[in-house]
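Visitor: Okay, here's the structure, questions in a sec.
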Amino acid sequence: MGFAVEGRYVLAPVEPADAQKYVDLQLDCLAETYNELVDAGFGERQRAERDSWLKEFDQNITAPKVRAFFAYENPAWQPGAPLSCAMGGAVDWERPVGFALSRPGPLEWERRVGLPLVPEGTRELTHLYTRACTHGTGLGAALFDAVLYEEEPAYLWYIKGNERAVQFYEHRGFTRDGRFVDCQGAWGDAVTGRMFRGVKPPA
Numbered sequence: 483m484g485f486a487v488e489g490r491y492v493l494a495p496v497e498p499a500d501a502q503k504y505v506d507l508q509l510d511c512l513a514e515t516y517n518e519l520v521d522a523g524f525g526e527r528q529r530a531e532r533d534s535w536l537k538e539f540d541q542n543i544t545a546p547k548v549r550a551f552f553a554y555e556n557p558a559w560q561p562g563a564p565l566s567c568a569m570g571g572a573v574d575w576e577r578p579v580g581f582a583l584s585r586p587g588p589l590e591w592e593r594r595v596g597l598p599l600v601p602e603g604t605r606e607l608t609h610l611y612t613r614a615c616t617h618g619t620g621l622g623a624a625l626f627d628a629v630l631y632e633e634e635p636a637y638l639w640y641i642k643g644n645e646r647a648v649q650f651y652e653h654r655g656f657t658r659d660g661r662f663v664d665c666q667g668a669w670g671d672a673v674t675g676r677m678f679r680g681v682k683p684p685a
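Heads up, the sequence shown is in my numbering, so the first residue is 483 and it goes up one at a time.
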């Protein structure tokens, strides 16, 4: 556990027992991010797939070499105050405002989509989401750094049209490979592609 963004947030590891809390936040963030970008019914379709998200969480959190963190608001934080003043706040451990998870890939679903696979063991940034109310605070960068080490070779999937996310990752050394696949199912008309850092895109 540790402070992030000059004490504004507290980062703590995600544990296998955190499935419900993790998926609750994940579904909230998916709705906030994609209801406008994909379509207005996106969030509700994802909530209908809750059991699938819980199953995916179990697979991810038990993967070898997984890294996963929650972020919580620190009620003791004050703008401009020294870090020592941010200590001792009563953090609400049931209300995380962000999360990130990375693990070695490729994941099982990636083997079915028809694109060339990354080399076995390449680290994937599987999840990185923060509540909309935290955007612009630096929390996303702090969570990114918690699960991907500096210049560590890695890849990720993003939704086409999410330029805010693309710019965030490009700033951290990722490049797009330009190939896309349809998400299908609860993802509606969304299209996804990959970005890579320190990894040659598979031919």
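We put the beta carbon where it would ideally sit given N, CA and C, even for glycine.
Since this is a predicted model, take the numbers as computed values, not measurements.
Within this structure, are the beta carbons of residue 675 and residue 662 separated by less than 8 Å?
Guide: Pairing residue 675 with residue 662 gives a Cβ-Cβ distance under 8 Å.
Visitor: Within the same chain, show all residues whose beta-carbon is closer than 7 Å to that of residue 664, passing over the 5 residues directly before and after it, in chain order.
Guide: 673
Visitor: Buried or exposed: which applies to residue 618, given that a residue is buried once 16 or more other Cβ atoms fall within 10 Å of its Cβ?
Guide: exposed
Visitor: Can you tell me which of 508, 626, 644, 540 puts its alpha carbon nearest to the alpha carbon of residue 636?
Guide: 626
Visitor: Which residue marks the beginning of the alpha helix (DSSP H) containing residue 516, and which one marks its end?
Guide: 501 to 516
Visitor: According to DSSP, what are the bridge partners of residue 609?
Guide: As DSSP reads the structure, residue 609 sits in a beta bridge with 583.
Visitor: DSSP beta-bridge partners for residue 664?
Guide: 673
Visitor: Which whole-angstrom value is the C-beta distance of residue 605 and residue 548, which I expect to be below 8 Å?
Guide: Wrong, their Cβ atoms sit about 10 Å apart, outside the cutoff.
Visitor: Less than 8 Å between the CB atoms is what I'm expecting for residue 621 and residue 612, so what's the real figure, rounded?
Guide: 5 Å
Visitor: Measure the alpha-carbon distance for residue 562 versus residue 668 and round it to whole angstroms.
Guide: 43 Å
Visitor: Take residue 498 and list the residues in its own chain whose beta-carbon comes closer than 8 Å to its own, dropping the five residues that flank it on each side.
Guide: 540, 543, 544
Visitor: Between which two residues does the alpha helix (DSSP H) holding residue 651 run?
Guide: 645 to 652
Visitor: Name, in chain order, the residues that DSSP records as bridge partners for residue 494.
Guide: 552
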